[in-house]
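Number of protein chains: 2
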Amino acid sequence: MGVRKSNRDVASSTEGMRRGRSTARSATVDEAEEATAGPDALDLSGLNAVVGYALRRAQLAVFEDFIARFATLDLTPAQYSVLLVIGNNPGRKQAEIAAALGIQRPNFVSMLDELERRGLAERLPSATDRRSHALVLTKAGSALLARARAMQDEQERELAQKLGPGGREMLVALLQRLM
Amino acid sequence: MGVRKSNRDVASSTEGMRRGRSTARSATVDEAEEATAGPDALDLSGLNAVVGYALRRAQLAVFEDFIARFATLDLTPAQYSVLLVIGNNPGRKQAEIAAALGIQRPNFVSMLDELERRGLAERLPSATDRRSHALVLTKAGSALLARARAMQDEQERELAQKLGPGGREMLVALLQRLM
DNA sequence: TATTGTTATACTCTATAACTATA
DNA sequence: TATAGTTATAGAGTATAACAATA
């Protein structure tokens, strides 16, 4: 199972996995066991109780939503994270940014190539080390990042509404403990 | 960014992403903003506050742990989920099992081929429809599933300890709201 | 010697089109 | 005409080895 999908039909991959749609309530107990059973629905109780599986499905759902929103900016989640970290840490070298994001150095090259091609980021020569590149955002990159941040904030607000009062902060705190 | 990794060095991909290691406490507020800052650590505050990013990292960490445990059984998370769903729903056809797991029908074929090759699952002829296959576990498949379940239960217990009193149930309930 | 960025490469996961045999 | 399983294939994401330039 994977996270990033192709750029075609993002929604289809999780279609068979979604069932009941819940709105904001108070978070109390495990509701995984009871499924909105259809006529000949399968028994998925064993899976729904598993933290790892719930994490995977939730992550897919959130990313799917993210990808759909960011399609207008032509940004993937990975590209957004790169712009965000460069923007908050200008002048750092590729290896540092890549490591912070858990991206292999070789794979980071083509990502940067693309961002540079689109005029969003730049590889400046380092003043102290002629091997390394100091990464910065261009004006266009900063502007796009600002728009992306605003869209991301909106998603965060909608997620917070789904999660109920205090739910978002609670979720993030719990997730932090798993890392 | 992706979820499933290659079968070689699973740990390396998230190496650059992990920082502070937290033990069981009570889950209260968002602690994402403060990072265990090293000498010249990067500012990742923007990312750590994002639900989607926290979800991705937590899911990678949990899967990494899962993969390491299940290496002794030579089972991937996907294979485990397939055995589990077939075990709980014997006699269903491929399309049903695949859809329940969010797996594309074409991609499910080779997964079943492998499980059948290892003598864990079987494609029986359907009594009512000569096009479809009724999926069942073999005795060996049921036995392996039992061992896998026990290992998975142990992981769940350890996760519950990391998450603190009521934390696991709370987490699953919150994740359900995102799907 | 070690590190930085890079190229080449391979493997996994995911997705679609199209075929066959049945219904 | 539609469905079940399958084949072939293509695209992302991710991983490693090895190279040149530099430290």
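First to last, the sequence lines map onto chains A and B. Under our numbering, the residues of the first sequence are numbered 1 to 179, in order. Under our numbering, the residues of the second sequence are numbered 180 to 358, in order. Yeah, the Cβ is synthetic: ideal placement off N, Cα and C, and Gly gets one too. Predicted model, so just to flag it, every value in this text is computed and none were measured.
- Put simply, the stretch 138–148 of chain A does not touch the stretch 332–347 of chain B. Fewer than three CB pairs are less than 8 Å apart.
- Ranked by Cα distance from residue 174 of chain A, the first of B:343, B:308, B:253 and B:249 is B:343.
- Residues of chain A whose Cβ lies closer than 7 Å to the Cβ of residue 242 of chain B are, in chain order, 52.
- By alpha-carbon distance to residue 229 of chain B, the top candidate from A:57, A:62, A:177 and A:121 is A:62.
- Counting the other Cβ atoms within 10 Å of the Cβ of residue 270 of chain B gives fewer than 16, which makes it exposed.
- Within the DSSP secondary-structure output, residue 304 of chain B pairs in a beta bridge with B:312.
- DSSP, read as helix, strand or coil, puts residue 93 of chain A in coil.
- Residue 313 of chain B and residue 171 of chain A have their C-alpha atoms roughly 40 Å apart.
- Contacts between residue 93 of chain A and chain B, judged by CB atoms closer than 9 Å, are missing: the closest CB pair is about 11 Å apart.
- In the three-state scheme derived from DSSP, where H, G and I count as helix and E and B as strand, residue 292 of chain B is classed as helix.
- Here residue 72 of chain A carries a helix assignment [DSSP, helix/strand/coil].
- Spanning the alpha carbons of residue 273 of chain B and residue 284 of chain B requires a straight line of approximately 8 Å.
- Around the beta-carbon of residue 304 of chain B, fewer than 16 other beta-carbon atoms lie within 10 Å, marking it exposed.
- Within a 10 Å sphere around the beta-carbon of residue 310 of chain B sit fewer than 16 other beta-carbons, which makes this residue exposed.
- When DSSP states are grouped into helix, strand and coil, residue 118 of chain A belongs to the coil group.
- Contact annotation, residue 147 of chain A with residue 73 of chain A: C-beta distance approximately 6 Å; criterion of less than 8 Å satisfied.
- Taking a C-beta distance under 8 Å as the contact criterion, residue 299 of chain B and residue 280 of chain B do not qualify as a contact pair.
- Residue 249 of chain B and residue 103 of chain A have their alpha carbons spaced roughly 25 Å apart.
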